[in-house]
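Novice: Numbering (this note's numbering), first residue to last: 2 to 73. Cβ coordinates follow ideal geometry from the N, Cα and C atoms, glycine included. Please read these numbers as outputs of a predicted model, since none were measured by experiment. One structure is given below, represented as structure tokens, and several questions about it will come after.
Spelled out as structure tokens, the structure:
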């Protein structure tokens with residue numbers, strides 16, 4: 002399922018050929034709340050002003066302190 006900005010509903014996309022699948026990069030994401038107690042080699046922490054209420058010192062600390070090697 003893919004959500005496009007400005008579209009009223011998420012779009013279900015089905016890939017049926019190997020060629021289509023070769024153009025996909027698998028990625029994972031989780032919230033800071035879900036990350037508590039977890040660690041990963043690389044953390045990419047996204048802080049955007051649209052979510053200003055969640056940008057507390059505690060939340061940012063939880064996000065960046067999960068990195069074992071690098072935080073971006």
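Quick test of your reading: residue 33 and residue 60, contact by CB under 8 Å. State the CB separation rounded to the nearest angstrom.
Specialist: Here the question's residue 33 lines up with position 32 in the chain shown. Here the question's residue 60 lines up with position 59 in the chain shown. Contact flag correct, Cβ pair sits at about 5 Å.
Novice: Roughly how many whole angstroms lie between the Cα atoms of residue 62 and residue 41?
Specialist: Here the question's residue 62 lines up with position 61 in the chain shown. Here the question's residue 41 lines up with position 40 in the chain shown. The alpha-carbon atoms of residue 62 and residue 41 are separated by roughly 15 Å.
Novice: Three or more beta-carbon pairs under 8 Å between the segment 44–58 and the segment 21–28, yes or no?
Specialist: no
Novice: If you draw a straight line from the alpha carbon of residue 72 to that of residue 35, how long is it in whole angstroms?
Specialist: As a first step, residue 72 is located in the chain shown; it is residue number 71 there, counting from the start. As a first step, residue 35 is located in the chain shown; it is residue number 34 there, counting from the start. Answer to the nearest angstrom: the Cα atoms are 17 Å apart.
Novice: Find out if the Cβ-Cβ distance for the pair residue 43, residue 68 is shorter than 8 Å.
Specialist: Position 42 of the chain shown, counted from the start, is the residue given in the question as residue 43. Position 67 of the chain shown, counted from the start, is the residue given in the question as residue 68. Cβ distance < 8 Å, so residue 43 and residue 68 count as in contact.
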